[in-house]
Structure formats: structure tokens, C-alpha cells
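Here the structure is laid out as C-alpha cells; the discussion comes afterwards.
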Amino acid sequence: MSRTEDIIALVNQFKKIEVNELAERLDVSKVTMRKDLDKLEARGLLHREHGYAVLNSQDDINYRLAQHYDLKRKIALKAAETVYDGDVVMIESGSTCALLAEELAYHRKNVTIITNSCFIASYIRKAPSVKIMLIGGDYQKESQVNVGPLVRRIISEFCVDRLFVGVDGFDYNRGFTGNDLLRAEAAATLAESAKERIVLTDSSKFKQAGMVSEFPFSAIQTVYTDTGIGASEASFLEKQGIKVIQVS
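See below:
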């Protein structure tokens, strides 16, 4: 892992850890550690508090972004290989999706990202060449996502090759699931305007079932995840005609 990933892993482990201890554990100077933490705090991955690095509140989307960060980043990087300079893609809300958007915004030229995630729009706002099209709607404060009937009205004007989405769970009978009805409805609406629907999720989501159905298996063409996915789940998805791409 990179030093950034090591820092996030340690803060996740201890929830609150002294900056000096982080520097000692990772064998860098206190000055270097403070600079690293400044960058991570600017990205919203943690915050600083009286000489400590502290994990964000569990209600904050930045908290979810920091969970399994190293795996999520690897998944995002792998999915980004399919996107080229000048492409137009749609990206739904979700922590792994945010890391994909970050990779595209800073390492591709003239990519257009259509999203209903205010968090993603803000997260990549400083990238010099990316074009962001933010879909309006009813604003959900906790997830920082726009949902509701206005999303459907606006998205009906679009047609893109690929939509990247996150999910909250998996169920053999119901398909991919979510934990919020309005967000799940918004994601399904976005899917109607994309030729290919691609799920980005770490393997932990295959061990839980969300509250509401989000996508039937027939709606998804590709899943990017990590090697922690069970062999039975991966085999099942492939039998549904879904390509499963795993990173380690």
C-alpha cells in the first residue's frame, strides 16, 4: 500500500491516533506526516484535532469513503482503464464511484462526468480539465445526492455509453440492493439512459442484503470488485451473463 493508504488504514483501526505516533509507525518526519494529513483532510478522508488524526463521523459520506479505502481505490483504478480522454460517462453516488470520478478528473483530459452526486461534483471541482454536469433534484443532506422526480425529468434528455454505480448489498433473489429507496430509484432512473451499467463495489457488499431492490441482475453488464468476493457469488453473477472483474 502507499503511505496515504497506510495512514487511512491506521486511522480506521484506532479511530483517533496521535500525529507523532503516525509518523513513528510509518517512519517519516513529523513535518512530512503533517503535510500528508493536510492533504487527506482537504480530501475529506479524515480530520485533525489537537495533535490527533481522527476518523470522520459514521454519518458522514467521507467516513464511508475511508472504509476499505485501498480496495476501493484499486477497484476504481481498474474501472478507469475503460475510460479515455474526451469520453462522456455517468457516475452515480457512492464512495468507490467518487474515487473513480477523482481518477478520471485528474488523469484524463476533457472527460465529461454526468452525476446526481453533489459530493462527487464538489470532490473533483478543482480538476482543471473535467466537465461536470450535475443533475438537480431533491437534495439528501447525509448522502449529498439529488433524488426525486426532477432527476427523471432531466436524465431523460441524456444517452451515454456507460453508467458506473455503487450498491449497498446483494441478494440472490432480488439482485443488487440499496439502503435508501429514493437513492435506489434515482440510480435506476440513471440506468435507463445508459447502454452499459457497471457496478463498482468492494466485496463486503456481497455479505449483506440492502433494504430495497436497486437493480435486477439483467440490468447489469459488468461488476468491478475485489478478490474477497465469494466463489459462489462470482460464479452466480457470471451465470447471469455479468462479467466479474476482481482486483487484489
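Numbering (the UniProt record's numbering), first residue to last: 1 to 248. Backbone N, C-alpha and C define an ideal beta-carbon position, used for all residues, glycine too.
Could you check which residue in Glu214, Ile124 and Asn173 has the C-alpha nearest to that of Leu182?
Your numbering for residue 182 matches position 182 in the sequence shown. Nearest to Leu182 by alpha-carbon distance, out of Glu214, Ile124 and Asn173, is Glu214.
Grouping DSSP H, G and I as helix and E and B as strand, with all else coil, what is Ile242?
The residue given as residue 242 occupies position 242 in the sequence shown. Coil.
With Leu22 as the anchor, note down where its beta strand (DSSP E) starts and where it stops.
By one-based count along the sequence shown, residue 22 stands at place 22. Leu22 -> not in any beta strand (DSSP E); alpha helix (DSSP H) instead, spanning Val19 to Arg25.
Between which two residues does the alpha helix (DSSP H) holding Ile7 run?
Here residue 7 corresponds to residue number 7 of the sequence shown, with the count starting at 1. Note, Ile7: alpha helix (DSSP H), Arg3 to Phe14.
On a CA-only basis, which of Asn20, Phe236, Leu163 and Glu41 is nearest Val31? Give me that one, please.
Within the sequence shown, residue 31 is the residue found at index 31, counting from 1. Comparing Cα-Cα distances from Val31 to each of Asn20, Phe236, Leu163 and Glu41, the minimum goes to Asn20.
Which full runs of the beta strand (DSSP E) of 3+ residues lie inside the stretch 112-176, going along the chain?
Taking only runs of at least 3 residues, the beta strand (DSSP E) segments lying wholly in the stretch 112-176 are 112-115, 131-134, 138-140, 145-147, 160-165 and 169-171.
Going by CA-CA distance only, name the one from Tyr172, Gly166 and Ala186 that's closest to Tyr139.
For this step, residue 139 is matched to residue 139 along the sequence shown. Among Tyr172, Gly166 and Ala186, the Cα nearest to that of Tyr139 is on Ala186.
Spatial neighbours of Ser122 within its chain, please: CB distance less than 6 angstroms, with the 5 preceding and 5 following residues excluded, ordered by chain position.
Taking the first residue of the sequence shown as position 1, residue 122 is located at position 122. Nothing meets the Cβ criterion.
Candidates Arg3, Ser193 and Arg152: closest to Asp27 by CA position:
Within the sequence shown, numbered from 1, the residue matching residue 27 stands at position 27. Nearest option by C-alpha distance: Arg3.
Which class does Ala209 belong to by DSSP, given the choice of helix, strand or coil?
Along the sequence shown, one-based indexing puts residue 209 at 209. Ala209 falls in the coil class under three-state DSSP.
Just the Cα atoms here: how many angstroms apart are Ala9 and Thr115?
The count along the sequence shown starts at 1 and reaches residue 9 at position 9. The count along the sequence shown starts at 1 and reaches residue 115 at position 115. About 28 angstroms.
Going by DSSP, what residue range makes up the beta strand (DSSP E) through Tyr52?
Position 52 of the sequence shown, counted from the first residue, corresponds to residue 52. Taken as a continuous stretch (DSSP letters only), the beta strand (DSSP E) holding Tyr52 covers Tyr52 to Val54.
Quick one: what does DSSP say Thr96 is sitting in, helix, strand or coil?
Your numbering for residue 96 matches position 96 in the sequence shown. Reduced to three states, the DSSP call for Thr96 is helix.
Kindly indicate the opening and closing residues of the beta strand (DSSP E) around Val31.
The sequence position of residue 31 within the sequence shown is 31, counting from 1. From DSSP, Val31 is part of no beta strand (DSSP E) but of the alpha helix (DSSP H) over Lys30 to Ala42.
Sequence-distant residues of the same chain with beta carbon closer than 7 angstroms to Gln246, five excluded per side:
Position 246 of the sequence shown, counted from the first residue, corresponds to residue 246. Around Gln246: Thr225, Asp226, Thr227 and Ile229.
Touch test, the stretch 141-155 against the stretch 100-107, Cβ-Cβ under 8 angstroms, three pairs minimum
Cβ pair count under 8 angstroms is below three, so no.
Could you tell me if Gly166 is buried or exposed, where buried requires 16 or more neighbouring beta carbons within 10 angstroms of its beta carbon?
Sequence index remark: in the sequence shown, residue 166 carries index 166 (1-based). The residue is buried, with at least 16 neighbouring Cβ atoms inside 10 Å.
For Ser193, the nearest candidate out of Lys131, Asp36 and Cys159 (CA to CA)
By one-based count along the sequence shown, residue 193 stands at place 193. Answer by Cα proximity: Cys159.
Look up Arg197 in the DSSP assignment and give the residues it is bridged to.
Locating residue 197 in the sequence shown gives position 197, where the first residue counts as 1. Answer is Leu163.
Whose C-beta lies closer than 8 angstroms to the C-beta of residue 249 among residues of the same chain, with five residues either side of it excluded?
In this structure the chain extends from 1 to 248, so residue 249 is not present and cannot be described.
Would you list the residues sitting across from Arg48 in a DSSP beta bridge?
By one-based count along the sequence shown, residue 48 stands at place 48. Arg48 is bridged to Ala53.
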